[in-house]
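Read in order, the letters of the sequence shown are residues 6 to 120 in the numbering used here. Glycine is no exception: its CB is placed at the ideal position from the N, C-alpha and C atoms. Predicted model, so just to flag it, every value in this text is computed and none were measured.
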Amino acid sequence: MNLFESLNEASSKAVDSGEVFLIKSKEYAKLKVFEQLTISMSLLGKALLIGSFVLIGFFFFAIAAAIALGRILDDYALSTTIVGGFFLLMALLVYLLRHIINKKVIQIMSPKFFN
């Protein structure tokens, strides 16, 4: 009878340890999701804030470049067309290099996400 009692006690301890492990694993998973979510939201917020200021800066630089080029060429319509064409070429370049940009973003984000 002593053998059965010790087996029963050992199995009860194993079940209790398993339950504690499951509870702690669930808590860890919740904390990990919270951490990843806050990192992602923080990164998105910073990107939007910085991106909006950069966009405003480019907007003013484009206007200044169009005005300066218009004075040089004595044709403001042609100067705005040239500046617009430059931005279209930049957009095309980014589109053509999108796979390289995706790889770089994945390389930067993967250590933050999987650690």
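| Query | Result |
| --- | --- |
| Let's see if you can read the secondary structure: which residues bound the alpha helix (DSSP H) around Leu98? | 81-101 |
| Using 10 angstroms around the beta-carbon of Val88, count the other beta-carbons present and answer buried if the total reaches 16, otherwise exposed. | buried |
| Within 10 angstroms of its Cβ, does Ser84 collect 16 or more other Cβ (buried), or is it exposed? | buried |
| Which word fits Ala71, buried or exposed, when buried means at least 16 other C-beta atoms lie within 10 angstroms of its C-beta? | buried |
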